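Convert by adding 1 to the 1-based position in the sequence shown; the result is the number in this note's numbering.
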Amino acid sequence: MNKNTVYLNNAATSWPKPACVPEAVARALSERPGAMHRGGIEDFDIFDSVRRLLMPLLGVSNHNQIALGFNATWALNAAIFGMKLSKGDLVLTTNAEHNSILRPLHYLEQRCGVKTHFVHTNKSGRADLSEFNKAAFDYKPKLCIITHSSNVTGAVNDIAEMSRISKAAGAAVLIDASQTLGYINVCAEEISADMVAFTGHKYLLGPQGTGGLWVSENLKLEPHLIGGTGVNSDMPTMPDEMPLHLEAGTGNEPSFYGLLAALKWAGENPLPKTGLADKIDKLAEGLKEIGALVISPSGLKTPVISFNVPGVSADDVGFMLSDSYDIVCRWGLHCAPRIFPDLGVMQTLRFSLSRFTTDDEINYAISAVRDIIG
């Protein structure tokens with residue numbers, strides 16, 4: 002990537018990474034044989050170490066309940082298909098969800114007769130709590146799936162209240178923390194969630210190819226991936242104990258070394274209590290002042306801004322920002338197509354910041370959009 006590139010696509014994947022992250026990946030690839038922890042002679046277990054550092058971010062007390070895999074899509078599939086939903090079962094979710102939830106649910110609708118009910122969001126992308134409450138008690142879902150934060154607008158949902166409602170209605174609760182873990186803690190056990198899916202390459206600052214699923218000890222999922230685990234090899238079935246119950250095959254050891262380095266670095270370099278609020282407010286206000294149509298949620302939000310330029314398609318603006326200004330951002334539907342009717346727009350451009358985004362880069366992005374608006 003050009004050293005002058007302005008990177009504003011951190012909701013897709015974070016960049017740059019702390020220097021220790023690629024160094025750890027390279028070291029793991031060049032110095033360590035793979036899968037040594039499985040029946041090997043070494044005491045150090047990279048996956049166990051990652052699990053332990055994730056515990057306080059997830060708000061959980063047993064690291065063995067965290068299954069590690071390739072990404073949040075893997076985790077969401079493990080959760081959704083692991084619930085063994087059948088004909089007539091209903092899933093309650095929201096219009097803010099990502100295709101990693103929408104497509105598995107569509108598959109279950111088509112193949113198994115599972116039903117889905119979607120709750121609308123407000124104009125900023127936050128789920129309608131009163132509608133969610135009514136639907137939970139009217140439909141009696143078996144599973145409620147809630148995104149912690151919209152990847153389109155950055156609006157953070159009240160997962161504590163939504164989890165409380167879901168449990169009162171008798172449903173299991175799956176939280177999608179892909180857009181929040183590393184920026185906002187989940188407190189899974191405190192809010193009585195049953196599952197939390199997450200990825201390692203966004204606000205956790207790790208490499209791609211890392212993610213996981215925390216599962217409450219009160220819930221037993223059917224494994225969706227079957228294979229070797231390196232232990233209990235005489236058994237014809239997956240081991241019952243977590244996390245091996247959900248972890249078939251060789252893990253992505255080099256990338257998890259990178260995630261371990263990222264977690265340690267973040268622990269030594271914590272974000273301020275206000276997060277990136279000052280930066281995201283500066284960007285939002287700057288875009289509004291020059292005439293951009295900004296979706297700016299009130300209350301708690303992640304460092305994401307969705308906007309449009311009057312009279313110009315998001316596609317055209319996005320290509321201009323990329324080709325003429327060397328700004329990396331995202332435009333279109335952001336893999337969350339159901340939210341756009343609720344927002345009242347067809348698509349958006351999205352700027353998403355990280356702790357490494359500078360004020361100069363924010364000013365440059367505002368100036369570039371000003372040029373396009375004319």
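The C-beta atom is built at its ideal place from N, Cα and C for all residues, glycine as well. Note that this is a predicted model, so its numbers are computed, not measured.
- For ILE340 and SER234, the gap between their C-alpha atoms comes out near 46 Å.
- Between the stretch 84-92 and the stretch 238-245, the count of Cβ pairs shorter than 8 Å is below three; the stretches do not touch.
- Here GLY268 carries a helix assignment [DSSP, helix/strand/coil].
- Closest option to LEU322, judged by alpha-carbon separation, among SER15, ASN123, GLU362, SER151: GLU362.
- Separation of the CB atoms of ALA198 and ALA178 is rounded to 7 Å, and the pair is thereby assigned contact status at 8 Å.
- Here GLU98 is buried: its Cβ has 16 or more other Cβ atoms, across all protein chains shown, within 10 Å.
- Counting C-beta pairs with one atom in each stretch, the stretch 288-297 and the stretch 55-65 have fewer than three that are closer than 8 Å, which means they do not touch.
- Your pair THR95 and VAL115 does not check out as a contact, with CB atoms roughly 17 Å apart and the cut at 8 Å.
- Counting only residues of its own chain and dropping the five nearest sequence neighbours on each side, LEU334 has a CB closer than 7 Å to the CB of PHE341, GLN348.
- In the assembly as shown, SER355 is a buried residue. Its beta-carbon has 16 or more other beta-carbons within 10 Å.
- MET84 is classed as buried because its beta carbon has at least 16 other beta carbons within 10 Å across all chains shown.
- Membership of SER217 in any alpha helix (DSSP H) is not indicated, and neither H nor E is assigned to it by DSSP.
- With a cutoff of 8 Å on beta-carbon distance, SER151 and GLY171 are scored as not near each other.
- Around the Cβ of GLY345, a 10 Å sphere holds fewer than 16 other Cβ atoms; the residue is exposed.
- With a cutoff of 8 Å on beta-carbon distance, ILE328 and ALA369 are scored as near each other.
- As DSSP reads the structure, LYS116 sits in a beta bridge with LEU91.
- The beta carbon of LEU86 is closer than 8 Å to those of VAL92, LEU109, CYS113, VAL115, LYS143, LEU144 in its chain, skipping five residues each way along the sequence.
- Between TYR258 and VAL26, the C-beta gap is smaller than 8 Å, which places the two residues in contact.
- Its Cα nearest to that of ALA13, the residue CYS330 stands out among PRO298, PHE48, CYS330.
- A contact is defined here as three or more CB-CB pairs under 8 Å, and the stretch 70-85 fails this definition with respect to the stretch 267-287.
- In the three-state scheme derived from DSSP, where H, G and I count as helix and E and B as strand, LEU277 is classed as coil.
- Beta-carbon to beta-carbon, SER164 and ILE146 are separated by about 11 Å, too far to satisfy the 8 Å threshold.
- Between the C-alpha atoms of ARG53 and ASN270 there is a straight-line separation of about 18 Å.
- DSSP places SER368 in no beta strand (DSSP E) but in the uninterrupted alpha helix (DSSP H) bounded by 360-374.
- Its chain contains VAL51, GLY201, LEU205, GLY207, PRO208, THR211 as the residues whose beta carbon lies nearer than 7 Å to that of LEU260, once the 5 sequence neighbours on both sides are disregarded; these appear in chain order.
- Looking at the backbone, the Cα of ALA337 and that of ASN123 are separated by about 15 Å.
- Within the stretch 314-360, the complete alpha helix (DSSP H) runs of at least 4 residues fall at 315-326, 340-344.
- Secondary structure at THR303: coil, using DSSP grouped into helix, strand and coil.
- With a beta-carbon spacing of about 30 Å, PHE138 and HIS225 fall beyond the 8 Å limit used to define contacts.
- Per DSSP, VAL295 is one residue of the beta strand (DSSP E) stretching across 294-296.
- Where VAL174 is concerned, the enclosing beta strand (DSSP E) starts and stops at 173-177.
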